[in-house]
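2 protein chains.
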Amino acid sequence: MNPRYAIGIDFGTESARALLVDVATGEEVATSVSVYRNGVITGRLPIEGEIVGLDADWALQDPADYLAAIEATINGVLNEGDVDPGSVIGIGIDFTSCTMLPVTADGTPLCFIPELRRRPHAWPKLWKHHAAQPEADRINETAGRLGEHWLPRYGGRISSEWFFSKALQILDEAPDIYAAADRLIEAADWITWQLTGVETRNACTAGYKALWSKRDGFPSAYFFGALNPDFARVIDEKMSRAVLPPGARAGGLVERFARGTRLVAGTPVAVANVDAHVAVPAATVTGPGRMVAVIGTSTCHLILGTDERFVDGMCGVVEDGVIPGFFGYEAGQAAVGDSLAWFVDNALPAEYRRAAEARGASAHELLAAEAAVLDPGESGLLALDWWNGNRSVLVDVDLSGVVVGATLATTAPALYRALIEATAFGTRVIVDAFDEAGVGVDEIVACGGLPGKSGLMMQIYADVTGLEIKLAGSSQTPALGSAMFASVAAGEAAGGYDSIVDAAAAMARLSDVVYRPNPAHRSTYDALYAEYRRLHDYFGRGENDVMKTLKRLRDDAIRRRSPVPVNSAVP
Amino acid sequence: MNPRYAIGIDFGTESARALLVDVATGEEVATSVSVYRNGVITGRLPIEGEIVGLDADWALQDPADYLAAIEATINGVLNEGDVDPGSVIGIGIDFTSCTMLPVTADGTPLCFIPELRRRPHAWPKLWKHHAAQPEADRINETAGRLGEHWLPRYGGRISSEWFFSKALQILDEAPDIYAAADRLIEAADWITWQLTGVETRNACTAGYKALWSKRDGFPSAYFFGALNPDFARVIDEKMSRAVLPPGARAGGLVERFARGTRLVAGTPVAVANVDAHVAVPAATVTGPGRMVAVIGTSTCHLILGTDERFVDGMCGVVEDGVIPGFFGYEAGQAAVGDSLAWFVDNALPAEYRRAAEARGASAHELLAAEAAVLDPGESGLLALDWWNGNRSVLVDVDLSGVVVGATLATTAPALYRALIEATAFGTRVIVDAFDEAGVGVDEIVACGGLPGKSGLMMQIYADVTGLEIKLAGSSQTPALGSAMFASVAAGEAAGGYDSIVDAAAAMARLSDVVYRPNPAHRSTYDALYAEYRRLHDYFGRGENDVMKTLKRLRDDAIRRRSPVPVNSAVP
Numbered sequence: 121m122n123p124r125y126a127i128g129i130d131f132g133t134e135s136a137r138a139l140l141v142d143v144a145t146g147e148e149v150a151t152s153v154s155v156y157r158n159g160v161i162t163g164r165l166p167i168e169g170e171i172v173g174l175d176a177d178w179a180l181q182d183p184a185d186y187l188a189a190i191e192a193t194i195n196g197v198l199n200e201g202d203v204d205p206g207s208v209i210g211i212g213i214d215f216t217s218c219t220m221l222p223v224t225a226d227g228t229p230l231c232f233i234p235e236l237r238r239r240p241h242a243w244p245k246l247w248k249h250h251a252a253q254p255e256a257d258r259i260n261e262t263a264g265r266l267g268e269h270w271l272p273r274y275g276g277r278i279s280s281e282w283f284f285s286k287a288l289q290i291l292d293e294a295p296d297i298y299a300a301a302d303r304l305i306e307a308a309d310w311i312t313w314q315l316t317g318v319e320t321r322n323a324c325t326a327g328y329k330a331l332w333s334k335r336d337g338f339p340s341a342y343f344f345g346a347l348n349p350d351f352a353r354v355i356d357e358k359m360s361r362a363v364l365p366p367g368a369r370a371g372g373l374v375e376r377f378a379r380g381t382r383l384v385a386g387t388p389v390a391v392a393n394v395d396a397h398v399a400v401p402a403a404t405v406t407g408p409g410r411m412v413a414v415i416g417t418s419t420c421h422l423i424l425g426t427d428e429r430f431v432d433g434m435c436g437v438v439e440d441g442v443i444p445g446f447f448g449y450e451a452g453q454a455a456v457g458d459s460l461a462w463f464v465d466n467a468l469p470a471e472y473r474r475a476a477e478a479r480g481a482s483a484h485e486l487l488a489a490e491a492a493v494l495d496p497g498e499s500g501l502l503a504l505d506w507w508n509g510n511r512s513v514l515v516d517v518d519l520s521g522v523v524v525g526a527t528l529a530t531t532a533p534a535l536y537r538a539l540i541e542a543t544a545f546g547t548r549v550i551v552d553a554f555d556e557a558g559v560g561v562d563e564i565v566a567c568g569g570l571p572g573k574s575g576l577m578m579q580i581y582a583d584v585t586g587l588e589i590k591l592a593g594s595s596q597t598p599a600l601g602s603a604m605f606a607s608v609a610a611g612e613a614a615g616g617y618d619s620i621v622d623a624a625a626a627m628a629r630l631s632d633v634v635y636r637p638n639p640a641h642r643s644t645y646d647a648l649y650a651e652y653r654r655l656h657d658y659f660g661r662g663e664n665d666v667m668k669t670l671k672r673l674r675d676d677a678i679r680r681r682s683p684v685p686v687n688s689a690v691p
Numbered sequence: 121m122n123p124r125y126a127i128g129i130d131f132g133t134e135s136a137r138a139l140l141v142d143v144a145t146g147e148e149v150a151t152s153v154s155v156y157r158n159g160v161i162t163g164r165l166p167i168e169g170e171i172v173g174l175d176a177d178w179a180l181q182d183p184a185d186y187l188a189a190i191e192a193t194i195n196g197v198l199n200e201g202d203v204d205p206g207s208v209i210g211i212g213i214d215f216t217s218c219t220m221l222p223v224t225a226d227g228t229p230l231c232f233i234p235e236l237r238r239r240p241h242a243w244p245k246l247w248k249h250h251a252a253q254p255e256a257d258r259i260n261e262t263a264g265r266l267g268e269h270w271l272p273r274y275g276g277r278i279s280s281e282w283f284f285s286k287a288l289q290i291l292d293e294a295p296d297i298y299a300a301a302d303r304l305i306e307a308a309d310w311i312t313w314q315l316t317g318v319e320t321r322n323a324c325t326a327g328y329k330a331l332w333s334k335r336d337g338f339p340s341a342y343f344f345g346a347l348n349p350d351f352a353r354v355i356d357e358k359m360s361r362a363v364l365p366p367g368a369r370a371g372g373l374v375e376r377f378a379r380g381t382r383l384v385a386g387t388p389v390a391v392a393n394v395d396a397h398v399a400v401p402a403a404t405v406t407g408p409g410r411m412v413a414v415i416g417t418s419t420c421h422l423i424l425g426t427d428e429r430f431v432d433g434m435c436g437v438v439e440d441g442v443i444p445g446f447f448g449y450e451a452g453q454a455a456v457g458d459s460l461a462w463f464v465d466n467a468l469p470a471e472y473r474r475a476a477e478a479r480g481a482s483a484h485e486l487l488a489a490e491a492a493v494l495d496p497g498e499s500g501l502l503a504l505d506w507w508n509g510n511r512s513v514l515v516d517v518d519l520s521g522v523v524v525g526a527t528l529a530t531t532a533p534a535l536y537r538a539l540i541e542a543t544a545f546g547t548r549v550i551v552d553a554f555d556e557a558g559v560g561v562d563e564i565v566a567c568g569g570l571p572g573k574s575g576l577m578m579q580i581y582a583d584v585t586g587l588e589i590k591l592a593g594s595s596q597t598p599a600l601g602s603a604m605f606a607s608v609a610a611g612e613a614a615g616g617y618d619s620i621v622d623a624a625a626a627m628a629r630l631s632d633v634v635y636r637p638n639p640a641h642r643s644t645y646d647a648l649y650a651e652y653r654r655l656h657d658y659f660g661r662g663e664n665d666v667m668k669t670l671k672r673l674r675d676d677a678i679r680r681r682s683p684v685p686v687n688s689a690v691p
C-alpha cells in the first residue's frame, strides 16, 4: 500500500504548528509553523486609528489568525513533505484551552462584525485571560452552597480560566454581546466547525473546562440560574449537549479549505482536542500508572485511571476526556519554564549573560551547566514555585513565590537550581496526591518544550520524585497526537486505525533517554521535600496568609496610583 | 590663639583614614587614606613561595599594614592641610572590633616572628573572622549553665566575633601559640601601644567585646577555667585589668613616630576606641533619646541611657563604654549595604547595568531611582534581611535571607526596594526592643557610608520607624570622633576640651537634611511590619528551623565534596 499520512495542527498561544505524519510508522515527515499576526492581544484591541484599552488581566486572540494558520501550515507541510495531497487520510487539531469565543449561528465570530469589533467581549478570550476571577469566585461559592455534585471532580474549586467563568463575565459586563452570541464555543471546536461546516463539541474541553461529564452532562439550569437568571439556559441557548469523544469523526473537510490546501474535499477531520491532553497517547501512554508531564512555560500532568476518584486539588477528572475507556485525571503547575524565564529576564547578572554569549550558549544552558555542579542541598536554598500562583494542589492564584536561605554567598546558579528544585517538589506534591487517592503513579513520561532541553531538570525531577523519567520521542507531541486522532477518525479501512491504542502502538515512541533516581541524592531531597511541604502548607493553607496581604497591599497601591480604571468593557 | 588641630585615624577593614580637624570649629581640614597592602587575608597566608591555607570562615589582617598606615595617613593630612605639625594637640584612633592579636611582652606581633609566621593563629583575627563559633557556643553554654551574671548585659548570647571566642580558639587549636603570646590584645589597643609605648586597654572594646564592666570587671577565673583549665587565668596572664574610659590620655607620641611624621614627640594620644562607638559624639549625640545608626555594609545602633537595662537580643550595654557617665547600648544588623551590594553583584540584570552606564550613574543610583517610583506595598514583596544572619535581636548567624511574594511581574527595582525595606523593618525591631526595655528612642541620627548616598533608604527608614532621621554633618564620623577624643585627651589647657560633651558642642554638627515620616505611608508600612514580625518570629525563634536545616544540608554537601578539610592550623 502507498504511504498514508495524517496532519495534526497544534494551535498554541503565539503560533500554530502543523505536522505531517506517516500513519504506518509515526515518522514526522514535515512540519510548518504560522505565527499569529496579532499574537496575544493585551493592552488594547488591534484596531487601527482607535484606542480601545484592555485591563491588565485581559488576554484575547484574533480568529483571523487561526484561519490564516490553517491554510499556511497545511500548505507548508504538503510542500515540505512533497507528498500527494490525496494520501492524507485525516486531519486533527488541538488548541489551548479554555480559549473561547462568541459567534453567530453560522459560526461568524462576533469580533468579525463591524459594529461589534470595538467591543472587547466580542473577541476570543485566550486561556490566560484572568479577568473573570470574580465570576469564578461566584461559581465556586454558589456551587459550594448548593452542594453541586460535580465540584469534587475538579478538586473542589474551578478556575477563572474556565469556560463558564469567561461566559459569565460576558453576561455580567456586556449583556448585549452575550445576547448577540448565538453560540459560545471553545476555539478548538470552532476550528473544527470551520474545517467541516459542522458544529461539534469535544469531550476534553467540555469535561475539563465546562463541567461536563459523560454520566451527568452539564450542571443544571437551576445552578446556572442561581448565578444569574439570564444564565440559566446557557447550555441550550448557547452551547450543545452533543459531546463527542476524542478520535470521533467531526466531519469532512469543506470545499473552501480543500481549495486552499489541495487536500481532498471530505477528508476526515477528527473532533478537536486540548494540546496537553492530546499529547498523552503521543507520549505512548494509553493506560494507567504512567503520568504524562507536559513541561513548558507551565506544566500539565495527566494520568489515566479505571475509575473515578476525587483527588485533592487536582484540575479535573473526565471520563473519556483523554483516552476513551479511561478516566483522565489532570493536575498542573502554573509556572515552570515561566519562572526560569523570569529569572533570566529579571535576575541574571551581566557577567553570566556575557559568559553565555562568549560560549555561544543560551543563558539557560550556562546556568544549568553551573547549577549542575552543585550537589543537592549545596545551594542552601529552598523555594516555593508559586511565581504564577499554585494550580495543584492548592488551586490559588493569589499565592506567590518564596526563596528561603539567601546569604551573601548565594549565586545566580544556586538560585536557578533552587527554582528548578521547587518545581520538582511541586510535581512531587501532585504525584503524592494522586498516589494517596489511589491513582498510582509508577513513572513519568515527560514531553513539551523543556524536557529535551534540560537534562538537569529531568535528573532533579527523578531524584526528587524517586520515579524514572522517560522522554517522549517526539518534540511535538500535541501535533503528533492530533495526527494520531486524525488517523483514528479516518479509521482502519482508510489506512488509519480503529482505536487510539492501536494508533499509539504504531505511531508513538519514547526517546532512548531515561533519567533514573540517583540513590545518593534521595535522602537530601527527602529532607528538603519535608521542608518544602511544611512551607507549602504554612503559606498555602491559611496558617499565614501573608501572600494574600501582600497582593492586597499591592493592588491598593496600584489603585491609589490610577484611581480611574482602564475601561475594559467599552459599551 | 593660633588654630589648634587634632588628628583622628579610623582603621577600617580594607584601609585606614586620617582626618585633620580644627579643634575650635570641627572643620575637617584634610583627609588621607592608606589602603592595606594585604587587605583582608582569606584563603591563604600572604607568604611568598609557600601555601598555608585558611578555612573558609577565617579572616586575618597584617599588623605591618597598620603601622604603614599610621605614618602614611598622618603625613598625608599634614601635607594636604599644610599646617604646622606643632599645632596638632592630640591624636586619637579607632578600629574595627573585635580585631585581636597575640603579641610578645614588648608588643611584637607573633606573626612578625619568623618561626611563627607560617602559623595562622599568630596573625590578627579580623572582626569578621567567623571560625570561633564552636568556642562561642561553649562560652554561651557554660555561661548559661553557671548562671554568669554578665550574660544579660549581652542580650543573653555572645558572638563568635568577640574576644574570648577568638582567644579560646587559639588555645583550642594552637596551644603553643597561646603559650607564646605574652599578651592578647585588641588591635585598637595595640596601635595606641605602638604610638605611645604604653599598653592600655580601652573601656569600649573591653566592655562590648571582652565581657568587662566598670562595676564587676571581667568574668571570673572560675568561669574561664570551666571553659578550659589553661584558660582560667587568661586575664592576669594575657590581658590587663587597667581599663581606661574614652577620652582618657593613653600617653604621649613616641620618638619613632614623631620622627616619621614631624609631629611633636609627646603629643597626647587618646585611649583607643571602636569605629562605630566613637561616631556617637561626632553625630552630636552625648545624651539619651537619640539613637545613632552607623549604616554601611552592616549597621551598628548605639544609644545612651542613664541606667542599666537588659534589652532582649542587644549586643551589649557598657557603662562609660561610649560617653563617660552614661550606659552605652549597642545593637546591630549584620547585612545592610552588604545585602544591597550582593543584589547588584548577583541579581542585577544586564539591561539595568547598561542603563546605569548610559546615565553615568551607579547601579545603586539607578535601582534607587526606579525603586523610589514604587509606593509602599506596590512591590508585592516582603523580605527578611538576614543575608548574613541576624545580629539583633535574634543573635543567630545561622539565619538567612527570605523573599516572599515573587511573581512573574516582579522586577529588579521591586526586589531592591524590598531589601531596603527589610533592613528598615529590622531597624524597627531593634527600636521597639529598646523602647520596650525602657531605653526610649525619640529620633535617629544616621551616619556611615550609606545615609548620604541613599535618600530613598533614609525616607523608608523614617516611614517604617515613624521617627525623624537626621544625618550627621560629617561623612567621616569615626575619624572625627577620634579627633574629638584626641582633643579631650589633650585637655582644655592645651587648646582642647575637658569633656567629650564640650568637644561635641564645638566640633560636631548635623546635616541640614531631615527625613520626616510620611503619614500616607505609615499604615501600609505598619501592615507590612506586622507581617515582617510574624515571619521574623516564625523563622527566627524556633517555630520553623528550616534555615538551620538548609545550612546543615549545605555544609553536609560541601563536606562530602571535600572530605579532607583545609588545614587552618598548620602545627
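Residue numbers (the numbering used here), protein chains in the order written: chain A, 121 to 691; chain B, 121 to 691. Each residue gets a CB set at the ideal place from its N, CA and C atoms; glycine is no exception. What you are looking at is a predicted structure, and each value in this text was computed from that prediction instead of being measured.
With DSSP run on the structure shown, which of helix, strand or coil describes residue i?
i	result
leucine 331 of chain A	coil
glycine 695 of chain A	As displayed, chain A neither begins before 121 nor continues past 691, which places residue 695 of chain A out of reach and without an answer.
valine 354 of chain A	helix
asparagine 122 of chain A	coil
asparagine 322 of chain A	strand
serine 619 of chain B	coil
aspartate 257 of chain B	helix
glycine 146 of chain A	coil
glutamate 556 of chain B	helix
Apart from the five residues on each side of it in sequence, which residues of its chain come closer than 6 angstroms, Cβ to Cβ, to residue i?
i	result
phenylalanine 215 of chain A	Phe131, Ala307 and Ala308
arginine 277 of chain A	Asn260 and Val515
proline 533 of chain A	Leu487, Glu490 and Ala491
Which residues in the same chain as residue i place their Cβ atom closer than 8 angstroms to its Cβ, once the five residues preceding and following it in sequence are excluded?
i	result
valine 684 of chain A	Low confidence applies here, because valine 684 of chain A scores a pLDDT of 48, under 50, leaving its location unreliable; read the following figure in that light. There are no such residues.
Considering residue i, what are the terminal residues of the beta strand (DSSP E) in which it resides?
i	result
aspartate 142 of chain A	135 to 142
methionine 411 of chain A	410 to 415
Quick one: give me the first and last residue of the alpha helix (DSSP H) that residue i is part of.
i	result
tyrosine 156 of chain B	Tyrosine 156 of chain B -> no alpha helix (DSSP H), and no H or E assigned at all.
isoleucine 564 of chain B	Segment 563 to 567 is the beta strand (DSSP E) holding isoleucine 564 of chain B; no alpha helix (DSSP H) there.
tyrosine 342 of chain B	341 to 347
Going by the DSSP bridge assignment, what does residue i pair with across the sheet?
i	result
glycine 509 of chain B	B:Trp507
proline 469 of chain B	A:Pro469
lysine 245 of chain B	B:Leu180 and B:Met220
threonine 393 of chain B	Residue 393 of chain B is actually asparagine in this sequence, not threonine. Its beta-bridge partners are B:Asp214.
cysteine 420 of chain B	B:Val414 and B:Gly452
valine 551 of chain A	Its beta-bridge partners do not exist; DSSP assigns none.
glutamate 541 of chain B	DSSP, once it has assigned bridges, lists no residue as partnering glutamate 541 of chain B.
Note down, in chain order, each residue of its chain lying with its Cβ closer than 7 angstroms to the Cβ of residue i, except the 5 sequence neighbours on either side.
i	result
proline 272 of chain A	Phe430
**OP:** Within the region 578 to 611 of chain B, note down every full alpha helix (DSSP H) run reaching 4 residues or more, in order along the chain.
**Re:** 597 to 610
**OP:** Taking only runs that begin and end inside the region 647 to 672 of chain A, name each unbroken alpha helix (DSSP H) of 4 or more residues, in chain order.
**Re:** none
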